[in-house]
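K.L.:
Here it is: the structure, laid out below.
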Amino acid sequence: MCGIIGIIGLEHFQTRMPPASQSIKPSPINPPASTPALECYRGLLVLQHRGQDAAGIVSYDNATHMFAAEKDHGLVTQIFDQERIEKLSGYMAIGHTRYATIGTDGASDIQPMMTGIPFGLAMAHNGNILNYFSLAQKLNTEFRRQLLTHNDLEVLIHYFAYYLTEKSGGIPDQSTFTFDNIKSAVGQICDTMVGGYAVVALIANEGLVAFRDPKGIRPLVLGVRADENSKTYCFASETIALTYLGYEYLRDVKPGEAVFVSKDGTLQSAVVRAEKKTAPCMFEWVYFSGAEGAQGGKSVYAARLNLGIRLGMHAREAIMRGEIAPDVVMPVPDTSRPAAISVADALKLPYREGLIKNRYVQRSFILGTQEKREKAVELKLSPIRSEIEGKNIFLVDDSIVRGTTAKKIVAMLKRYGAKSITIGITCPPHRHACYYGIDFPNAGQLLANGKSADEIAAWLGVDKVLYLDNEDLRQAIGAGDMCMACLDGKYPTEIEESAAFSAQRHIAGGKK
Ligand code: SF4
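Count along the sequence shown starting at 1, add 2, and that's the number in my numbering.
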């Protein structure tokens, strides 16, 4: 899972090359000093929680007909300074925060990526191409392309470039390049690439393209900011980037839809591969997305409150059966807070913060190695003894994937004198691998794989563990069809190449 953003603004095009007859008035909302690259940077700041391994921005400048790229390992604030942002001139830009689920830690695997053949393209994506390895082999043997990275985006960009030109029987020039080229290319990508992917791409001297896989597994939203002179469009993984940058949310990019904003500011869109059943990732509402945003038009915060209401019902039943007797409800910060508030309301128990989060330590689930994850738990949470000692704690967490974080937290609470601990999880047990951009490609790594709730409780060292069931999740989120494959094993795409994906993932040196 990663964060992506793409911005194209006609005012920036005109600002650099103003027609003699037309003077552009600076807009109070978006003065000329605000470039697409600067906005991408600011957008990446609020998408940082989606990936903390690396980040990058690529812009395209119509004055020089050149791409400019700045990317590196680390957090967005560590990578970019004013000097680097100023190098990213132009009227359109895309940005990426990386959470490595494929590829290596090498600099060449950092997104966005570019190609100059058959013409200029820059691209960033969020997700995974499940059949990446066979497509990479095909590129090499049939097209004689030498891949330079271990990242599935490189395969995607090569195929997209090929399909863009194929429709025109060669390289389309400016007079023949139309939205039909893009529709055809995105349609063929949807037919070729198995997986979950949301993509933003710059086409040199043409405009910005955005699209999602036909099932809509990975998210992408569209916003606009208009003034009397022009419109600026923003595509992003989450609505929070739109809000932060002052864009009005227009809609989610639809599953299988191609959206193109040309350099004259015209927006064209078409669903090129419609599927009856779509499958947005349920984990966006449960864990990944920022609580202040919405996915699929559904508030993330409201979904988490609802998840807590459902968990509260299960907890009340357990109390009535005499299985648990909590006297305080406590969240694992931060994602679980809204759910814990709902549980406390349902049980009529005090809500207490017993664990304080150090905001400068990365989210432990998305750190690359087990060792890093275990260390991060110790560094990121500080216990409050007065709220823990002698208490029967009902601890609320959003999910247990590998169990690393939860086990450490339980041990910490016991060290600080907790009398008993029940852990309530606002997600059903993860028992199956994810091949769509979340980093658990091997089911064997999952705590709940092959274990009962009692066995999980014993392993964690708690008195009881309570999970939501799949129906609770559906009802609480209320978004209709969702991907829940890591819970129920019902994958929304073919998974023929999943064994190769998991094995190669390991060989490629990605996260384990
Ligand atoms: S398998 Fe799970 S984590 Fe992966 S996309 Fe589906 S719901 Fe999301």
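Even for Gly, the Cβ is constructed at its ideal location relative to N, Cα and C.
Measure the alpha-carbon distance for glycine 8 versus phenylalanine 262 and round it to whole angstroms.
P.N.:
Taking the first residue of the sequence shown as position 1, residue 8 is located at position 6. Taking the first residue of the sequence shown as position 1, residue 262 is located at position 260. Straight-line Cα distance between these residues: approximately 11 Å.
K.L.:
Where does glycine 392 land, buried or exposed, given buried means 16+ other C-beta within 10 angstroms?
P.N.:
As a first step, residue 392 is located in the sequence shown; it is residue number 390 there, counting from the start. Glycine 392 comes out exposed.
K.L.:
For a quick check, are the C-beta atoms of alanine 317 and leucine 351 less than 7 Å apart?
P.N.:
Position 315 of the sequence shown, counted from the first residue, corresponds to residue 317. Position 349 of the sequence shown, counted from the first residue, corresponds to residue 351. No, the Cβ-Cβ distance between alanine 317 and leucine 351 is not below 7 Å.
K.L.:
Once the 5 residues before and after alanine 445 are set aside, which same chain residues still bring their CB inside 6 Å of it?
P.N.:
Position 443 of the sequence shown, counting from 1, holds the residue named residue 445. Only His434, Ala435 and Asn451 meet the Cβ criterion.
K.L.:
Is it buried or exposed for serine 110, if we count other Cβ within 10 angstroms and need 16 for buried?
P.N.:
Here residue 110 refers to the residue found at position 108 of the sequence shown. Looking at its Cβ environment, which holds fewer than 16 other Cβ atoms inside 10 Å, serine 110 is exposed.
K.L.:
Please report how far the alpha carbon of glycine 76 lies from the alpha carbon of alanine 70, in whole angstroms.
P.N.:
To locate residue 76, count along the sequence shown from 1; it is residue 74. To locate residue 70, count along the sequence shown from 1; it is residue 68. Rounded to the nearest angstrom, the two C-alpha atoms are 19 Å apart.
K.L.:
At the level of alpha carbons, what is the spacing between histidine 127 and histidine 160?
P.N.:
Numbered from its first residue, the sequence shown carries residue 127 at position 125. Numbered from its first residue, the sequence shown carries residue 160 at position 158. Rounded to whole angstroms, histidine 127 to histidine 160 spans 14 Å at the Cα level.
K.L.:
Can you name, in chain order, every residue of its own chain whose Cβ lies under 6 Å from the Cβ of glutamine 190, other than the five neighbours on each side?
P.N.:
Working through the sequence shown from its first residue, we reach residue 190 at position 188. Closer than 6 Å at Cβ, skipping near neighbours: Tyr165.
K.L.:
Where arginine 275 and asparagine 308 are concerned, what is the direct C-alpha to C-alpha distance, given to the nearest angstrom?
P.N.:
Taking the first residue of the sequence shown as position 1, residue 275 is located at position 273. Taking the first residue of the sequence shown as position 1, residue 308 is located at position 306. Cα-Cα distance, rounded: 33 Å.
K.L.:
Check whether the region 277 to 284 touches the region 229 to 249, taking contact to mean three or more Cβ pairs, one atom from each stretch, closer than 8 Å.
P.N.:
The region 277 to 284, when compared against the region 229 to 249, does not touch it at the 8 Å Cβ threshold.
K.L.:
Identify whether glutamine 447 lies in helix, strand or coil by the three-state DSSP scheme.
P.N.:
Here residue 447 refers to the residue found at position 445 when the sequence shown is read from its first residue. Glutamine 447 falls in the helix class under three-state DSSP.
K.L.:
Rounded to whole angstroms, what's the CA-CA distance from proline 33 to valine 467? Just pull it up for me.
P.N.:
Here residue 33 is taken as the residue at index 31 of the sequence shown, counted from 1. Here residue 467 is taken as the residue at index 465 of the sequence shown, counted from 1. In this predicted model, proline 33 has a pLDDT of only 43, less than 50, meaning its place in the structure is not dependable enough to derive any value.
K.L.:
Kindly indicate which residue of Gln270, Arg476 and Arg214 has the alpha-carbon position closest to the one of methionine 284.
P.N.:
Within the sequence shown, the letter at position 282 stands for residue 284. For the residues Gln270, Arg476 and Arg214, the minimum Cα distance to methionine 284 belongs to Arg476.
K.L.:
I'd like to know if the region 448 to 463 and the region 144 to 154 are in contact, where contact means that at least 3 CB-CB pairs between them fall below 8 Å.
P.N.:
Verdict: no, contact absent.
K.L.:
Can you give me the start and stop residues for the alpha helix (DSSP H) that threonine 337 sits inside?
P.N.:
As a working note, residue 337 is residue 335 in the sequence shown. Run containing threonine 337: none; DSSP gives neither H nor E here.
K.L.:
Given a cut-off of 7 Å on the beta-carbon distance, is the pair alanine 57 and isoleucine 81 in contact?
P.N.:
The sequence position of residue 57 within the sequence shown is 55, counting from 1. The sequence position of residue 81 within the sequence shown is 79, counting from 1. Result yes, Cβ atoms of alanine 57 and isoleucine 81 sit closer than 7 Å.
K.L.:
So, helix, strand or coil for isoleucine 343, using DSSP?
P.N.:
Numbered from 1 along the sequence shown, position 341 holds the residue referred to as residue 343. In the structure shown, isoleucine 343 sits in a helix (DSSP, three-state: H, G or I).
K.L.:
Compare the Cα-Cα distances from glycine 197 to each of Ser232, Leu204 and Ile219 and report the closest residue.
P.N.:
As a working mapping, residue 197 is identified with position 195 in the sequence shown. Glycine 197 has its Cα closest to that of Ile219, out of Ser232, Leu204 and Ile219.
K.L.:
Apart from the five residues just before and just after glycine 480, which ones in its own chain have a Cβ nearer than 8 Å to its Cβ?
P.N.:
As a first step, residue 480 is located in the sequence shown; it is residue number 478 there, counting from the start. Lys300, Ala305 and Asn308.
K.L.:
Considering glycine 45, what are the terminal residues of the alpha helix (DSSP H) in which it resides?
P.N.:
Within the sequence shown, numbered from 1, the residue matching residue 45 stands at position 43. Per DSSP, glycine 45 belongs to the alpha helix (DSSP H) from 38 to 48.
K.L.:
What number of angstroms, rounded off, separates the C-alpha of lysine 256 from the C-alpha of arginine 214?
P.N.:
For the purposes of this step, residue 256 is taken as residue 254 along the sequence shown, with counting starting at 1. For the purposes of this step, residue 214 is taken as residue 212 along the sequence shown, with counting starting at 1. Between lysine 256 and arginine 214, the C-alpha separation is close to 7 Å.
K.L.:
Quick check: tyrosine 438 and glycine 5, are their CB atoms within less than 7 Å of each other?
P.N.:
Within the sequence shown, residue 438 is the residue found at index 436, counting from 1. Within the sequence shown, residue 5 is the residue found at index 3, counting from 1. Not closer than 7 Å, so no.
K.L.:
Write down the C-beta distance between valine 345 and glycine 426 rounded to the nearest angstrom, noting that I regard them as a contact closer than 8 Å.
P.N.:
Here residue 345 refers to the residue found at position 343 when the sequence shown is read from its first residue. Here residue 426 refers to the residue found at position 424 when the sequence shown is read from its first residue. Indeed, because the Cβ distance is near 6 Å, the residues count as touching under 8 Å.
K.L.:
Does the beta carbon of phenylalanine 285 fall short of 6 Å from some heavy atom of ligand 1?
P.N.:
Start at 1 with the first residue of the sequence shown, and residue 285 comes out as number 283. Checking every heavy atom of ligand 1 against the Cβ of phenylalanine 285, one is found closer than 6 Å.
K.L.:
Going by C-alpha to C-alpha distance, which of Gln54, Ile96 and Tyr62 sits closest to valine 78?
P.N.:
Sequence index remark: in the sequence shown, residue 78 carries index 76 (1-based). It is Gln54.
K.L.:
Just to confirm, are glycine 225 and tyrosine 251 a CB contact at a threshold of 7 Å?
P.N.:
In the sequence shown, the residue the question calls residue 225 occupies position 223. In the sequence shown, the residue the question calls residue 251 occupies position 249. Closer than 7 Å, so yes.
K.L.:
Should arginine 518 go down as buried or exposed, given a rule of 16 or more other Cβ atoms within 10 Å for buried?
P.N.:
Residue 518 lies beyond the residue range present for the chain, which begins at 3 and ends at 514; the question has no answer from this structure.
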